[in-house]
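Worksheet: one structure, shown below.
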Amino acid sequence: MANLNWKPFVYGGMASIVAEFGTFPIDLTKTRLQVQGQSQCMEVRYRGMFHALLRIGREEGIRALYSGISPALLRQASYGTIKIGTYNTLKKLFVSRPEDETMVINVFCGVVSGVLFLLIRMQAQGSLLQGSMMANSSTIYQTEGTRGLWRGVIPTAQRAAIVVGVELPVYDITKKHLIRSGLMGDTILTHFISSFACGLAGALASNPVDVVRTRMMNQRVLSGNFLYKGTLDGLMQTWRNEGFFALYKGFWPNWLRLGPWNIIFFITYEQLKKLPL
Numbered sequence: 001m002a003n004l005n006w007k008p009f010v011y012g013g014m015a016s017i018v019a020e021f022g023t024f025p026i027d028l029t030k031t032r033l034q035v036q037g038q039s040q041c042m043e044v045r046y047r048g049m050f051h052a053l054l055r056i057g058r059e060e061g062i063r064a065l066y067s068g069i070s071p072a073l074l075r076q077a078s079y080g081t082i083k084i085g086t087y088n089t090l091k092k093l094f095v096s097r098p099e100d101e102t103m104v105i106n107v108f109c110g111v112v113s114g115v116l117f118l119l120i121r122m123q124a125q126g127s128l129l130q131g132s133m134m135a136n137s138s139t140i141y142q143t144e145g146t147r148g149l150w151r152g153v154i155p156t157a158q159r160a161a162i163v164v165g166v167e168l169p170v171y172d173i174t175k176k177h178l179i180r181s182g183l184m185g186d187t188i189l190t191h192f193i194s195s196f197a198c199g200l201a202g203a204l205a206s207n208p209v210d211v212v213r214t215r216m217m218n219q220r221v222l223s224g225n226f227l228y229k230g231t232l233d234g235l236m237q238t239w240r241n242e243g244f245f246a247l248y249k250g251f252w253p254n255w256l257r258l259g260p261w262n263i264i265f266f267i268t269y270e271q272l273k274k275l276p277l
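Using full-length UniProt numbering, you'd call the opening residue of the sequence shown number 1 and step up by one each time.
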């Protein structure tokens, strides 16, 4: 433990905050697109990501696009610190040189680091989850009890594991092959291409679980029954009632968020690594 490198932990948290600032409005539109169509939110208010951005800005104000940014930044500061720090620390337990890393090692380390931190609550449509983090928690507790505060933890952990288990290995492997090919060096362009690829891979792998996670966290227990009993039940109900492609609702804003988020994150992170500290 004396040789524990603190830089990946600190740099990971800092880069996550920068990336979250740049992509938060896209994440908000993705969540609202995923919620509509659910039995409790039958009204289809948004025709797509850009329509949602324009309508939210016009009807609720520009500040509404950053509603809930405080808990998101707190989450990302913690999540980025744990995710990147743990991932890099675990890799060093298996290999001492980056050239010796394999996809199996990277995926294992990514999944382990991903499940260490759970994303508990995110934005949801309309007045259901508007307001401050403390006000939301108080409202949820009063209407649903302690169980309501922890609803969505399992799919959140599953999504976190999938995203990290896919994105970090894809980034590392893509970057390594680009450099080994001799076509590119360890440059910003290499970081851009690698982060773009990992964002696409993460969106494809995680979107179905992300849809169910958002709906489970948005469902209210006013009649005494949950709409979805779990992740698998949510996947099957959504597929059966709305079709397979309903599992990819919000895919474009999801990818358009994960893509820029990863690009901003990894470029920032790689530049921080070069600081003479």
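By construction, the Cβ of each residue, glycine as well, lies at the ideal position given by its N, Cα and C atoms. Predicted model, so just to flag it, every value in this text is computed and none were measured.
**Request:** Identify, in the order they occur along the chain, each residue of the same chain with its Cβ nearer than 7 Å to the Cβ of Glu270, setting aside the five sequence neighbours on each side.
**Result:** By 1-based counting over the sequence shown, the position of residue 270 is 270. Cβ neighbours of Glu270 beyond the five flanking positions: His191.
**Prompt:** Considering only C-alpha positions, which residue in the set Gly68, Ser70, Thr174, Val107 is nearest to Thr86?
**Reply:** The sequence position of residue 86 within the sequence shown is 86, counting from 1. It is Val107.
**Sequence-distant residues of its chain with Cβ nearer than 6 Å to Asn262 (five each side left out)** = Taking the sequence shown and counting its residues from 1, the one referred to as residue 262 is at position 262. Only Ser195, Cys198, Gly199 meet the Cβ criterion.
**Status (buried if at least 16 other CB within 10 Å, exposed otherwise) for Thr231** = Here the question's residue 231 lines up with position 231 in the sequence shown. That one is buried.
**Item:** Closest Cα partner of Lys83 within the set Pro25, Thr238, Ile105, Pro8
**Value:** One-based indexing of the sequence shown puts residue 83 at position 83. Of the candidates Pro25, Thr238, Ile105, Pro8, the one whose C-alpha sits nearest the C-alpha of Lys83 is Pro8.
**Prompt:** Taking buried to mean at least 16 other C-beta atoms within 10 Å of its own C-beta, is Thr268 buried or exposed?
**Reply:** For this step, residue 268 is matched to residue 268 along the sequence shown. Thr268 should be labelled buried.
**Asked** Val163 and Gly114: beta carbons closer than 8 Å?
**Response** By one-based count along the sequence shown, residue 163 stands at place 163. By one-based count along the sequence shown, residue 114 stands at place 114. Going by C-beta atoms, Val163 is nearer than 8 Å to Gly114.
**Prompt:** Straight-line CA distance for Asn5 to Leu277?
**Reply:** Mapped onto the sequence shown, residue 5 falls at position 5. Mapped onto the sequence shown, residue 277 falls at position 277. Each residue's alpha carbon lies about 12 Å from the other.
**Item:** CA nearest to the CA of Ala52, picked from Pro260, Asn241, Arg32
**Value:** Residue numbering aside, residue 52 sits at position 52 when the sequence shown is read from its first letter. It is Arg32.
**Asked** Met14 to Thr89, Cα distance in whole Å?
**Response** Position 14 of the sequence shown, counting from 1, holds the residue named residue 14. Position 89 of the sequence shown, counting from 1, holds the residue named residue 89. Looking at the two C-alpha atoms, the distance is approximately 18 Å.
**Message:** Tell me which residues share the same chain as Trp252 and place their Cβ nearer than 8 Å to its Cβ, disregarding the 5 neighbours each side in the sequence.
**Reply:** As a working note, residue 252 is residue 252 in the sequence shown. If we look at Trp252 and ignore the five residues flanking it on each side, its Cβ neighbours are Gly48, Met49.
**Message:** For Gly259 and Lys30, which I take to be in contact (beta-carbon distance under 8 Å), what is that distance rounded to the nearest angstrom?
**Reply:** Here residue 259 refers to the residue found at position 259 when the sequence shown is read from its first residue. Here residue 30 refers to the residue found at position 30 when the sequence shown is read from its first residue. Not confirmed; about 12 Å, so no contact.
**Request:** Let me know the secondary structure DSSP gives Arg55 once reduced to three states.
**Result:** Translated into the one-based positions of the sequence shown, residue 55 becomes position 55. If DSSP states are grouped into helix, strand and coil, Arg55 belongs with the helices.
**Request:** Find out if the Cβ-Cβ distance for the pair Phe245, Ser16 is shorter than 8 Å.
**Result:** As a position in the sequence shown, residue 245 is number 245, starting the count at 1. As a position in the sequence shown, residue 16 is number 16, starting the count at 1. Pairing Phe245 with Ser16 gives a Cβ-Cβ distance that is not under 8 Å.
**Between the CA atoms of Ala77 and Ile140 - distance to the nearest angstrom** = For this step, residue 140 is matched to residue 140 along the sequence shown. For this step, residue 77 is matched to residue 77 along the sequence shown. Only weak support exists for where Ile140 lies, its pLDDT of 45 falling under 50; the value from the coordinates is given anyway. Distance from the CA atom of Ile140 to the CA atom of Ala77, rounded to whole angstroms, is 24 Å.
**Request:** Take Val18 and list the residues in its own chain whose beta-carbon comes closer than 8 Å to its own, dropping the five residues that flank it on each side.
**Result:** If you number the sequence shown from 1, residue 18 lands on position 18. So the list reads Ile264, Phe265, Thr268, once near-sequence residues are dropped.
**Message:** Only counting the same chain, and skipping five residues up and downstream in sequence, which positions put a Cβ closer than 7 Å to that of residue 280?
**Reply:** Absent from the model: residue 280. The displayed extent of the chain is 1 to 277, so no value can be given.
**Item:** Distance CB(Ile179)-CB(Asp172) smaller than 8 Å
**Value:** Residue mapping note: residue 179 aligns to position 179 of the sequence shown, counting from 1. Residue mapping note: residue 172 aligns to position 172 of the sequence shown, counting from 1. Result no, Cβ atoms of Ile179 and Asp172 do not sit closer than 8 Å.
**Prompt:** What did DSSP end up calling Val107 once you bin it into helix, strand or coil?
**Reply:** If you number the sequence shown from 1, residue 107 lands on position 107. Note: Val107 maps to helix in three-state DSSP.
**Asked** Going by alpha carbons, who is nearest to Ile69 out of Leu28, Arg97, Arg58?
**Response** Taking the sequence shown and counting its residues from 1, one reaches residue 69 at position 69. Looking only at Leu28, Arg97, Arg58, the smallest Cα-Cα distance to Ile69 is reached by Leu28.
**Item:** 8 Å Cβ cutoff met for Val111 and Gly165
**Value:** The residue labelled residue 111 in the question sits at position 111 within the sequence shown. The residue labelled residue 165 in the question sits at position 165 within the sequence shown. Their beta carbons are under 8 Å apart, which means Val111 touches Gly165 by this criterion.
**Asked** According to the Cβ coordinates, are Gln237 and Tyr228 closer than 8 Å?
**Response** Counted from its first residue, the sequence shown places residue 237 at position 237. Counted from its first residue, the sequence shown places residue 228 at position 228. Inclusion of Gln237 and Tyr228 in the CB contact set at 8 Å is warranted, their separation being smaller than that value.
**Supposed contact pair Lys91 and Glu101 - C-beta distance, whole angstroms, cut 8 Å** = Position 101 of the sequence shown, counted from the first residue, corresponds to residue 101. Position 91 of the sequence shown, counted from the first residue, corresponds to residue 91. So it is a contact: roughly 6 Å between Cβ atoms.
**Request:** With DSSP collapsed to three states, give me the class of Gly13.
**Result:** Reading the sequence shown from its first residue, position 13 is the one you call residue 13. Under the three-state reduction of DSSP output, Gly13 falls in the helix class.
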